[in-house]
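Sequence order for the protein chains is S and X.
Residues in the first sequence are numbered from 1 upward in steps of one, following full-length UniProt numbering.
Residues in the second sequence are numbered from 1 upward in steps of one, following full-length UniProt numbering.
Built from N, CA and C at the ideal position, the CB exists for glycine as well.
Read through the structure below, which is laid out as structure tokens, and then see the notes.
2 protein chains.
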Amino acid sequence: MSQHRHPGAPGSAGAVPALPDLPEATVARLPEYLRALHNLADTGHETVSSEGLATAAGVNSAKLRKDLSHLGSYGTRGVGYDVAVLIGQIESVLGLTQNRAVALVGVGNLGHALAGYDGFASRGFRIAALFDADPARVGEEINGLVVRHIDELPRVAAEESIAIGVIATPAAAAQQVADELVAVGVTSILNFAPCVLSVPEGVDVRKVDLAIELQILSFHEHRKASLTGLPATGGSALTALPGGLAATDSQEAIGT
Amino acid sequence: MSQHRHPGAPGSAGAVPALPDLPEATVARLPEYLRALHNLADTGHETVSSEGLATAAGVNSAKLRKDLSHLGSYGTRGVGYDVAVLIGQIESVLGLTQNRAVALVGVGNLGHALAGYDGFASRGFRIAALFDADPARVGEEINGLVVRHIDELPRVAAEESIAIGVIATPAAAAQQVADELVAVGVTSILNFAPCVLSVPEGVDVRKVDLAIELQILSFHEHRKASLTGLPATGGSALTALPGGLAATDSQEAIGT
DNA sequence: CGCGATTTGTGCACGTCTTCACAAGCGCCT
DNA sequence: AGGCGCTTGTGAAGACGTGCACAAATCGCG
Ligand SMILES: NC(=O)c1ccc[n+]([C@@H]2O[C@H](COP(=O)([O-])OP(=O)(O)OC[C@H]3O[C@@H](n4cnc5c(N)ncnc54)[C@H](O)[C@@H]3O)[C@@H](O)[C@H]2O)c1
Ligand SMILES: NC(=O)c1ccc[n+]([C@@H]2O[C@H](COP(=O)([O-])OP(=O)(O)OC[C@H]3O[C@@H](n4cnc5c(N)ncnc54)[C@H](O)[C@@H]3O)[C@@H](O)[C@H]2O)c1
């Protein structure tokens with residue numbers, strides 16, 4: 001979760017282009033649609049139906065249509081959506097047209113993996129700088145970037161326009177790092193440290209926490225186990241359970 | 001999101017103890033409460049009020065009380081919650097009392113970081129095995145664990161009871177790995193690869209996707225930027241916008 | 001022993017999200 | 001040109017989640 005925008009914003013001089021004020025749930029799904037669309041584009045598809053795109057993205061087709069309708073209907077009835085057009089629209093809405101500069105703070109175990117990850121650049125982000133507090137790490141070069149001391153953050157921020165800060169330090173240091181990021185004007189933070197950050201209004205924080213994900217899975221596992229009154233049918237229940245529409249078999253839409 | 005339980009499940013022999021069937025949103029917050037509670041316990045607190053715990057966990061106190069009430073009221077009016085008791089309760093509900101074995105598949109960039117992370121053991125999970133398909137990686141030792149070839153998965157799974165599978169392979173391999181995990185009986189998967197997995201009913205999948213998080217942040221950044229069009233009031237609209245209770249200042253509850 | 005201060009647990013109203021179901025629109029084929 | 005099948009876009013209903021506000025419960029103290 002992140003901070004909230006004031007929902008009942010007044011119609012204050014709404015001469016702005018056309019920011020449709022998307023539902024948060026929709027925003028969270030757009031990136032998934034975008035990835036599915038890129039896959040489709042790469043496999044030569046020119047258009048795609050809501051049904052096809054929905055299964056490729058792992059969602060309900062009605063939901064997908066409603067999501068897309070929020071950003072202004074770029075589909076053609078009887079045909080579907082133009083893949084290229086839709087990619088452009090979503091990227092535009094998400095603000096991915098400008099390559100946003102990302103600052104990564106904490107180049108430890110996890111930070112190294114993130115710094116070496118090429119999945120950022122291909123999605124509209126550019127790691128602009130790496131920071132750490134440990135003098136032993138400062139100067140190290142990763143993927144063409146040199147690790148700088150955290151004290152240099154203000155200077156670097158003045159040069160590059162940092163759009164997003166990523167925190168990969170221990171939890172004990174996370175709040176201070178967040179404060180420093182906010183101080184240099186960063187208004188979006190992705191936090192990997194397992195702690196709650198306190199930030200001023202207007203700053204968005206998203207959190208990724210491994211342990212929480214595992215614990216949620218653990219809960220479901222726990223519950224499944226307590227339901228095992230049924231003998232479980234021996235081994236290969238693999239191909240059983242037609243299930244219906246429920247899950248996923250987006251495979252055919254993307255793969256083939 | 002993950003797969004769903006069939007909602008309108010028939011009253012199939014429901015003589016189970018007392019699984020309260022928590023709302024999914026509540027389940028997702030329990031780990032956060034748990035972490036806050038551990039922090040409190042470590043700092044010597046015996047009891048905590050809903051208000052205190054709520055701020056420590058970054059949520060609304062009413063929400064917290066409702067969440068806790070779902071698992072059967074272990075608080076005392078006029079006093080608060082007994083920290084130790086609540087920890088026990090939540091851990092019990094989440095099924096953390098048994099140390100669940102985790103299998104990590106894909107020991108690359110990210111997999112290394114995960115394998116070397118000590119935040120698992122301290123939260124009720126034990127990395128039981130590491131797998132990779134690259135012969136060059138097999139045999140490597142990380143944190144006391146030897147990387148095994150993915151083909152050994154069935155044998156290892158027969159020895160250890162793998163509760164959760166973590167996929168940290170490239171997207172192209174993720175579906176196959178998921179299938180292999182399911183084949184050896186894994187019913188909970190945490191997926192780091194940026195793709196939709198297709199799994200049979202009854203298997204839970206959770207996904208962690210960096211790029212999606214960044215893109216969501218990008219959207220908000222984009223929108224914030226487009227709101228700066230209102231020059232009308234002549235400058236620092238920065239500190240405007242009362243907004244309300246929204247944010248956070250859990251700090252004092254944890255840190256100090 | 002009773003009273004007031006405090007905090008939990010929850011009924012209720014509200015907002016958000018999801019899903020169904022179908023009219024409106026589009027292209028193709030005859 | 002007209003009809004037909006397909007697909008989008010959306011109204012409406014229902015499920016779900018949130019937060020207020022307050023009664024019920026408990027403790028401590030006089
Ligand atoms: N490693 C993982 O797989 C993993 C998984 C989930 C969560 N996390 C979390 O991510 C964070 C980082 O984990 P890690 O394993 O990389 O830890 P780490 O100790 O390997 O790395 C932390 C790095 O942060 C640096 N640092 C400390 N204080 C700093 C400061 N004030 N300013 C700048 N840099 C500072 C340290 O010098 C170190 O290089 C932790 O909060 C951890 O809980 C890690
Ligand atoms: N590195 C990051 O910071 C990061 C961040 C977000 C997401 N991801 C995602 O996590 C995944 C892993 O990223 P990475 O940077 O570690 O990639 P990587 O290429 O460094 O590592 C992938 C590993 O998976 C192994 N592998 C490939 N096919 C396999 C198979 N069939 N069975 C078992 N192992 C197999 C490879 O041998 C390799 O060791 C990717 O999907 C990536 O998109 C990574």
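inquiry  = Output needed in chain order: residues of the segment 26-55 of chain S with a Cβ under 7 Å from some Cβ in chain X.
reply    = 27, 28, 31, 32, 35
task = Identify whether residue 133 (chain S) lies in helix, strand or coil by the three-state DSSP scheme.
result = Counting from one through the first sequence, the residue named residue 133 (chain S) turns up at place 133. Here residue 133 (chain S) sits in coil by DSSP.
inquiry  = Counting C-beta neighbours from all protein chains within 10 Å, is the total for residue 98 (chain S) 16 or more, i.e. buried, or is it exposed?
reply    = Numbered from 1 along the first sequence, position 98 holds the residue referred to as residue 98 (chain S). Flag for residue 98 (chain S) reads exposed.
inquiry  = Assuming contact is defined by CB atoms lying nearer than 8 Å, are residue 203 (chain S) and residue 187 (chain S) in contact in what I supplied?
reply    = The count along the first sequence starts at 1 and reaches residue 203 (chain S) at position 203. The count along the first sequence starts at 1 and reaches residue 187 (chain S) at position 187. Closer than 8 Å, so yes.
request  = Check each residue of the segment 200-226 of chain X: if its Cβ is closer than 8 Å to any Cβ of chain S, include it; give the result in chain order.
outcome  = 200, 201, 202, 204, 206, 208, 209, 210, 211, 212, 213, 214, 215, 216, 217, 218, 219, 220, 221, 222, 223, 224, 225, 226
Proximity winner among S:196, S:210, S:157, S:216, relative to residue 104 (chain X) (alpha-carbon distances) = Working through the second sequence from its first residue, we reach residue 104 (chain X) at position 104. With distances taken between Cα atoms, residue 104 (chain X) lies closest to S:210.
inquiry  = Counting only Cβ-Cβ distances shorter than 8 Å, please list the residues of the segment 95-127 of chain X near chain S, keeping chain order.
reply    = 95, 96, 100, 102, 109, 110, 112, 113, 114, 116, 117, 119, 120, 123, 124, 125
inquiry  = For a test of the three-state rule: what should DSSP assign to residue 125 (chain X), helix, strand or coil?
reply    = The residue given as residue 125 (chain X) occupies position 125 in the second sequence. Residue 125 (chain X) falls in the strand class under three-state DSSP.
message = I'd like the list of long-range same chain contacts for residue 177 (chain X), defined as Cβ closer than 6 Å, with 5 residues on each side in sequence excluded.
response = Numbered from 1 along the second sequence, position 177 holds the residue referred to as residue 177 (chain X). Contacts found: 105, 167, 169.
task = Note down, in chain order, each residue of its chain lying with its Cβ closer than 7 Å to the Cβ of residue 45 (chain S), except the 5 sequence neighbours on either side.
result = Within the first sequence, the letter at position 45 stands for residue 45 (chain S). 83, listed in sequence order.
ask   = Counting pairs of beta carbons, one from the segment 71-86 of chain S and one from the segment 146-160 of chain S, are three or more of them closer than 8 Å?
value = no
key: Distance CB(residue 125 (chain S))-CB(residue 148 (chain S)) smaller than 8 Å   = Locating residue 125 (chain S) in the first sequence gives position 125, counting from the first residue. Locating residue 148 (chain S) in the first sequence gives position 148, counting from the first residue. No, the Cβ-Cβ distance between residue 125 (chain S) and residue 148 (chain S) is not below 8 Å.
query = Which residues in chain S sit within 8 Å of residue 187 (chain X), going by Cβ to Cβ distance?
reply = Counted from its first residue, the second sequence places residue 187 (chain X) at position 187. Going along chain S in sequence order, the residues near residue 187 (chain X) (Cβ under 8 Å) are 221, 224.
ask   = For residue 21 (chain S), which beta-bridge partners are listed by DSSP?
value = Here residue 21 (chain S) refers to the residue found at position 21 of the first sequence. Partner(s): none; residue 21 (chain S) has no beta bridge.
query = Distance, Cα to Cα, residue 143 (chain S) vs residue 90 (chain X)?
reply = Walking along the first sequence from the start, residue 143 (chain S) turns up at place 143. Walking along the second sequence from the start, residue 90 (chain X) turns up at place 90. Going from the Cα of residue 143 (chain S) to the Cα of residue 90 (chain X) covers about 42 Å.
task = Look at the Cβ atom of residue 68 (chain S), then the Cβ atom of residue 57 (chain S), and state whether they are nearer than 8 Å.
result = Along the first sequence, one-based indexing puts residue 68 (chain S) at 68. Along the first sequence, one-based indexing puts residue 57 (chain S) at 57. Not in contact: residue 68 (chain S) and residue 57 (chain S) (Cβ atoms no closer than 8 Å).
inquiry  = Whole angstroms are fine: how far does the CA of residue 110 (chain S) sit from the CA of residue 201 (chain X)?
reply    = Residue 201 (chain X) sits at position 201 when you count from the first residue of the second sequence. Residue 110 (chain S) sits at position 110 when you count from the first residue of the first sequence. Going from the Cα of residue 201 (chain X) to the Cα of residue 110 (chain S) covers about 33 Å.
inquiry  = Can you check which of these residues, S:227, S:218, S:225, is closest to residue 96 (chain X) by C-alpha distance?
reply    = Position 96 of the second sequence holds residue 96 (chain X). Residue S:218 is the option with its Cα nearest to residue 96 (chain X).
ask   = With a Cβ-Cβ cutoff of 8 Å, do residue 71 (chain X) and residue 107 (chain X) count as a contact?
value = Sequence index remark: in the second sequence, residue 71 (chain X) carries index 71 (1-based). Sequence index remark: in the second sequence, residue 107 (chain X) carries index 107 (1-based). Their beta carbons are not under 8 Å apart, which means residue 71 (chain X) does not touch residue 107 (chain X) by this criterion.
task = Run the proximity test for residue 151 (chain S): is its beta-carbon closer than 7 Å to any non-hydrogen atom belonging to ligand 2?
result = Against the first sequence, residue 151 (chain S) aligns to sequence position 151. Residue 151 (chain S): no, Cβ never under 7 Å from ligand 2.
request  = May I have the straight-line CA-CA distance separating residue 216 (chain S) from residue 41 (chain S), to the nearest angstrom?
outcome  = Translated into positions along the first sequence, residue 216 (chain S) becomes position 216. Translated into positions along the first sequence, residue 41 (chain S) becomes position 41. Cα-Cα distance, rounded: 34 Å.
query = Should residue 89 (chain S) be counted as a contact of ligand 1 given a C-beta to heavy atom distance under 7 Å?
reply = Taking the first residue of the first sequence as position 1, residue 89 (chain S) is located at position 89. Because no heavy atom of ligand 1 lies under 7 Å away, the Cβ of residue 89 (chain S) does not count as near it: no.
key: residue 127 (chain S) and residue 102 (chain S) closer than 8 Å at C-beta   = Taking the first residue of the first sequence as 1, we reach residue 127 (chain S) at position 127. Taking the first residue of the first sequence as 1, we reach residue 102 (chain S) at position 102. Yes, Cβ-Cβ distance for residue 127 (chain S) and residue 102 (chain S) is below 8 Å.
ask   = Which word fits residue 132 (chain X), buried or exposed, when buried means at least 16 other C-beta atoms lie within 10 angstroms of its C-beta?
value = On the second sequence, residue 132 (chain X) is found 132 positions in, with the first residue counted as 1. Answer is buried; the Cβ neighbour count reaches 16.
ask   = Quick one: Cα of residue 36 (chain X) to Cα of residue 55 (chain X), how far?
value = If you number the second sequence from 1, residue 36 (chain X) lands on position 36. If you number the second sequence from 1, residue 55 (chain X) lands on position 55. Going from the Cα of residue 36 (chain X) to the Cα of residue 55 (chain X) covers about 9 Å.
For residue 122 (chain X), the nearest candidate out of X:227, X:31, X:135, X:61 (CA to CA) = Numbered from its first residue, the second sequence carries residue 122 (chain X) at position 122. Out of X:227, X:31, X:135, X:61, X:31 has the C-alpha closest to the C-alpha of residue 122 (chain X).
key: Neighbour flag for residue 174 (chain X) against chain S, beta carbons, 8 Å   = Residue mapping note: residue 174 (chain X) aligns to position 174 of the second sequence, counting from 1. No - not a single Cβ of chain S is within 8 Å of the one on residue 174 (chain X).
From X:153, X:165, X:152, residue whose alpha carbon lies closest to that of residue 114 (chain X) = By one-based count along the second sequence, residue 114 (chain X) stands at place 114. The residue with the shortest Cα to Cα distance from residue 114 (chain X) is X:165.
key: Proximal residues of chain S, C-beta to C-beta of residue 58 (chain X) below 7 Å   = Here residue 58 (chain X) refers to the residue found at position 58 when the second sequence is read from its first residue. Correct list: 196.
inquiry  = Relative to the C-alpha of residue 198 (chain S), which candidate in S:222, S:173, S:221, S:212 has its C-alpha closest?
reply    = As a working mapping, residue 198 (chain S) is identified with position 198 in the first sequence. It is S:173 whose Cα lies nearest to the Cα of residue 198 (chain S).
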